[in-house]
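Please read the structure below before turning to the comments.
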Amino acid sequence: MNKISHLLLRCAVAIILLIHSIPGMFNNGVNDFGNLYLNEIGFAPVGLYLAWAIKLSHVAAAILLIINKWVIPASIVTITILVAGIFMVHLPNGWFVVGGGTNGVEYNFLLITVLTSLIVWRKK
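In this note's numbering, the protein residues as written are 98 to 221.
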């Protein structure tokens, strides 16, 4: 992978992480995720804090990917969250995000693959 490809992938993932995170910080989505989902599946009383930690880690990872610093740790943390999301939320919904189903694992799988490629490229 050349430097331009690496930059494009880093920026694409950063944009996705920011767009996925920031609106929920202002429209009560993070609070609902923490209180109405995480607390209900066994993370009470820390579900709200965990939800905010997840979203803030996405924002931090996006910034780090854009500035090309600590790409490997940012990618590892984000991959860990995405894998947890697959097992906790998406896997019961199958593979497809749209079309053949809804809320499936394909989107997380693609992000994990791109982040893994960024890690591999950085280690060269």
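Note that beta-carbon positions come from the ideal geometry of N, C-alpha and C, so glycine has one too.
What ranges does the alpha helix (DSSP H) occupy inside the stretch 116-175, keeping only unbroken runs of at least 4 residues that lie completely in it? 126-129 and 144-164
For A171, collect the residues of the same chain with a Cβ closer than 8 Å to its Cβ; drop the 5 residues on either side in sequence, then sort them by chain order. A157, A158, L161 and L162
Restricting to Cα atoms, I'd like to know which of I116, L115 and P142 is closest to N128. P142
Given E203, which residues of its chain have a CB within under 7 Å of its CB, disregarding the five upstream and five downstream residues? So the list reads W192, F193 and V194, once near-sequence residues are dropped.
For the candidate residues Y134, H187, G139 and I216, whose alpha-carbon lies nearest to that of G198? H187
Inter-stretch contact (C-beta, 8 Å, three-pair minimum) for the stretch 123-137 and the stretch 145-152: yes
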